[in-house]
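As structure tokens, the structure follows; a few thoughts come after it.
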Amino acid sequence: MDRPLLALTSRPLIGRSPKAAAAETMRQLVQLRWIAVVGQLVAILVSHFALGIVLPLTPMLAVVALLAAANLVFVVTIHRRMIPGELTIALLLDMAALTAQLYFSGGAGNPFISLYLLQVVLGAILLTPQVAGLLALAACAFTAFLNFRHFPLLLPAGDTGLLPIGRWLAFVMVAVLLVLFIARISRNAKLRDAYAASLAQRAVEEEGIVRMGLFASGAAHELGTPLSALAVIIADWERLTIFSSDPDLADEMADAKAEIDRCKAIVSNILHSAGKVRGVAMTSESARQLLETIAQRWTERRPNSRLRTDLAPLGNARVAAEPSLEQALWSLLENAAEASSGLIDLVGAIEDGNVVFAVLDRGPGFSEDQLDCAGRLYQSTKGPGHGLGLFLAANVARQLGGRLSIANRDDGGAEVLMRLPLIASKASE
1 MDRPLLALTS RPLIGRSPKA AAAETMRQLV QLRWIAVVGQ LVAILVSHFA LGIVLPLTPM
61 LAVVALLAAA NLVFVVTIHR RMIPGELTIA LLLDMAALTA QLYFSGGAGN PFISLYLLQV
121 VLGAILLTPQ VAGLLALAAC AFTAFLNFRH FPLLLPAGDT GLLPIGRWLA FVMVAVLLVL
181 FIARISRNAK LRDAYAASLA QRAVEEEGIV RMGLFASGAA HELGTPLSAL AVIIADWERL
241 TIFSSDPDLA DEMADAKAEI DRCKAIVSNI LHSAGKVRGV AMTSESARQL LETIAQRWTE
301 RRPNSRLRTD LAPLGNARVA AEPSLEQALW SLLENAAEAS SGLIDLVGAI EDGNVVFAVL
361 DRGPGFSEDQ LDCAGRLYQS TKGPGHGLGL FLAANVARQL GGRLSIANRD DGGAEVLMRL
421 PLIASKASE
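Heads up, the sequence shown is in UniProt numbering, so the first residue is 1 and it goes up one at a time.
Rendered as structure tokens:
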């Protein structure tokens with residue numbers, strides 16, 4: 001199975017953002033309120049018509065209707081935008097509705113007065129300590145009011161078993177609802193914490209990239225002078241008779257000059273990229289042409305390595321590219337060559353609206369530790385050919401809206417896949 005590196009792409013970050021977590025909590029409260037609406041309606045009708053308890057149906061059913069209407073309003077706001085304090089308002093509304101129902105059905109003597117604890121516990125979990133304290137004070141005030149002001153609860157004559165049953169049912173309701181709701185809230189909180197951890201991890205990675213970029217640009221600036229000096233020395237040597245009269249020495253000198261020119265070009269690209277704002281240098285390029293160019297240059301650079309390409313499936317597909325993308329793909333080929341002296345495959349394909357670049361080698365593959373730690377800054381191990389280049393390539397893929405994944409092949413060797421969003425094809429432009 002593929003292991004994603006810096007997998008903060010298709011779903012940008014793991015878990016839920018604080019806003020998404022708050023919205024999910026609100027959805028849970030809405031579901032809980034629908035349970036309350038149905039439960040109150042059933043309890044009122046059964047108590048009045050089946051158990052013979054005389055209740056003022058009109059005001060109690062009106063409270064149920066108002067609670068249902070308020071819940072519909074909350075449903076609409078969830079899909080739009082949550083306002084500050086909406087959770088507090090929701091819990092206070094539930095508490096007020098419970099107070100109204102208890103007022104019309106016996107006040108503090110009603111067994112279901114213990115449902116206040118449900119609101120207080122939820123407030124302690126979801127709200128700040130100050131707001132939760134105010135909610136607890138409100139519950140205390142409501143219960144005190146109900147001790148002195150309420151409609152009497154008229155039970156059937158001689159029936160003394162209803163109150164104990166009611167107290168037991170109230171306890172069961174509170175226990176079950178607390179377990180169900182708190183379990184969901186706990187899961188929601190874990191997702192929120194995972195999101196925060198992902199943000200922290202991304203910050204560390206981005207900081208590392210900045211530090212490496214500063215170091216690379218500084219090193220490139222310092223390398224410019226000795227490379228220029230070497231170029232001058234080689235130019236002087238080429239004019240010596242010993243080199244012009246010996247074809248082998250002349251060829252070696254030409255190779256040395258070409259390598260110095262390549263080093264100077266790399267240094268220039270680093271300095272040039274360091275002075276550019278990300279996005280300005282981004283262009284739309286043919287994916288197939290990009291890989292063909294890299295493959296040709298890499299083969300010339302490593303004539304003893306065997307590289308096989310299969311790029312026809314790319315067709316005219318285009319991707320967003322910048323200089324760092326070419327460097328990242330080059331690094332993946334270098335890793336594959338260091339891992340194995342055998343055949344290396346460079347494959348291109350189109351999958352689910354993405355351009356996929358695959359580098360396959362015949363080496364020993366990744367160890368479990370490398371699969372778990374690869375792509376993490378300062379934790380990448382330079383095993384058989386797989387090191388910091390994976391982290392840099394993964395970061396480039398992420399910045400371009402894609403992702404990098406690694407895996408071990410069933411028939412041996414390693415597989416590195418870079419997925420980038422498909423921009424367009426010439427046929428569709």
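For glycine and all other residues, C-beta sits at the position ideal for the given N, C-alpha and C.
What three-state label does DSSP hand residue 230 in the structure shown?
If you number the sequence shown from 1, residue 230 lands on position 230. In the structure shown, residue 230 sits in a helix (DSSP, three-state: H, G or I).
CA-CA distance, residue 132 and residue 162?
One-based indexing of the sequence shown puts residue 132 at position 132. One-based indexing of the sequence shown puts residue 162 at position 162. Those two C-alpha atoms are separated by around 33 Å.
By the DSSP assignment, the beta strand (DSSP E) with residue 345 in it spans what residues?
Sequence index remark: in the sequence shown, residue 345 carries index 345 (1-based). Looking at the DSSP string, the run of the beta strand (DSSP E) that includes residue 345 is 344 to 351.
Once the 5 residues before and after residue 276 are set aside, which same chain residues still bring their CB inside 6 Å of it?
For the purposes of this step, residue 276 is identified with residue 276 of the sequence shown, where counting begins at 1. Since pLDDT at residue 276 reaches only 44, below the 50 mark, its modelled position is unreliable, and no value is offered.
Comparing alpha-carbon positions, which option in 28, 63, 234 and 352 lies nearest residue 41?
The residue given as residue 41 occupies position 41 in the sequence shown. The residue with the shortest Cα to Cα distance from residue 41 is 63.
How would you call residue 49, buried or exposed, if buried means at least 16 neighbouring beta carbons within 10 angstroms?
Start at 1 with the first residue of the sequence shown, and residue 49 comes out as number 49. Burial call: exposed.
Pull up the DSSP beta-bridge partners for residue 357, would you.
Numbered from 1 along the sequence shown, position 357 holds the residue referred to as residue 357. Answer is 348 and 418.
Determine the DSSP secondary structure at residue 77, reduced to helix, strand or coil.
Counted from its first residue, the sequence shown places residue 77 at position 77. Here residue 77 sits in helix by DSSP.
Per DSSP, residue 309 is paired with what?
Within the sequence shown, numbered from 1, the residue matching residue 309 stands at position 309. Bridge partners of residue 309: 346.
Looking at residue 344 and residue 359, is the spacing between their C-beta atoms short of 8 Å?
As a position in the sequence shown, residue 359 is number 359, starting the count at 1. As a position in the sequence shown, residue 344 is number 344, starting the count at 1. Yes, they are a contact pair.
Who are residue 285's beta bridge partners in DSSP?
For the purposes of this step, residue 285 is identified with residue 285 of the sequence shown, where counting begins at 1. Partner(s): 319.
Between the alpha carbons of residue 411 and residue 367, how many angstroms are there, rounded?
One-based indexing of the sequence shown puts residue 411 at position 411. One-based indexing of the sequence shown puts residue 367 at position 367. Going from the Cα of residue 411 to the Cα of residue 367 covers about 15 Å.
Under the assumption that residue 87 contacts residue 173 (Cβ atoms under 8 Å), give the Cβ distance between them as a whole number of angstroms.
Residue mapping note: residue 87 aligns to position 87 of the sequence shown, counting from 1. Residue mapping note: residue 173 aligns to position 173 of the sequence shown, counting from 1. Going by Cβ atoms, the distance from residue 87 to residue 173 rounds to 21 Å, so no, they are not a contact pair.
For residue 99, does the count of other Cβ atoms within 10 angstroms reach 16, so buried, or fall short, so exposed?
On the sequence shown, residue 99 is found 99 positions in, with the first residue counted as 1. Buried, since its Cβ has 16 or more Cβ neighbours within 10 Å.
Kindly indicate which three-state DSSP category residue 155 falls into: helix, strand or coil?
As a working note, residue 155 is residue 155 in the sequence shown. In the structure shown, residue 155 sits in coil (DSSP, three-state: anything other than H, G, I, E or B).
Looking at residue 340 and residue 362, is the spacing between their C-beta atoms short of 8 Å?
The sequence position of residue 362 within the sequence shown is 362, counting from 1. The sequence position of residue 340 within the sequence shown is 340, counting from 1. Yes. Within cutoff.
Quick one: does the C-beta of residue 138 sit closer than 7 Å to a heavy atom of the ligand NAP?
This structure simply doesn't include the ligand NAP, nor any ligand for that matter.
Measuring CB to CB, does residue 115 end up less than 8 Å from residue 170?
Mapped onto the sequence shown, residue 115 falls at position 115. Mapped onto the sequence shown, residue 170 falls at position 170. Taking 8 Å as the Cβ cut-off, residue 115 and residue 170 qualify as a contacting pair.
Measure the C-alpha to C-alpha separation of residue 12 and residue 97 and round it to an integer number of angstroms.
In the sequence shown, residue 12 corresponds to position 12, counting from 1. In the sequence shown, residue 97 corresponds to position 97, counting from 1. Any reading at residue 12 is ruled out, since the residue's pLDDT is 44, under 50, leaving its predicted position unreliable.
Since residue 349 contacts residue 422 with CB under 8 Å, what's their CB separation in whole angstroms?
Counted from its first residue, the sequence shown places residue 349 at position 349. Counted from its first residue, the sequence shown places residue 422 at position 422. Residue 349 to residue 422, Cβ: 11 Å. No contact.
Going by DSSP in three states, residue 261 sits in which element: helix, strand or coil?
Taking the first residue of the sequence shown as 1, we reach residue 261 at position 261. Note: residue 261 maps to helix in three-state DSSP.
Considering only C-alpha positions, which residue in the set 196, 319, 230 and 414 is nearest to residue 253?
Along the sequence shown, one-based indexing puts residue 253 at 253. Residue 253 has its Cα closest to that of 230, out of 196, 319, 230 and 414.
Taking 7 Å as the limit between beta carbons, can you name the residues of its chain near residue 125, skipping five residues before and five after?
In the sequence shown, counting from the first residue as 1, residue 125 sits at position 125. Around residue 125: 182 and 185.
I'd like the list of long-range same chain contacts for residue 347, defined as Cβ closer than 6 Å, with 5 residues on each side in sequence excluded.
Here residue 347 is taken as the residue at index 347 of the sequence shown, counted from 1. So the list reads 310 and 358, once near-sequence residues are dropped.
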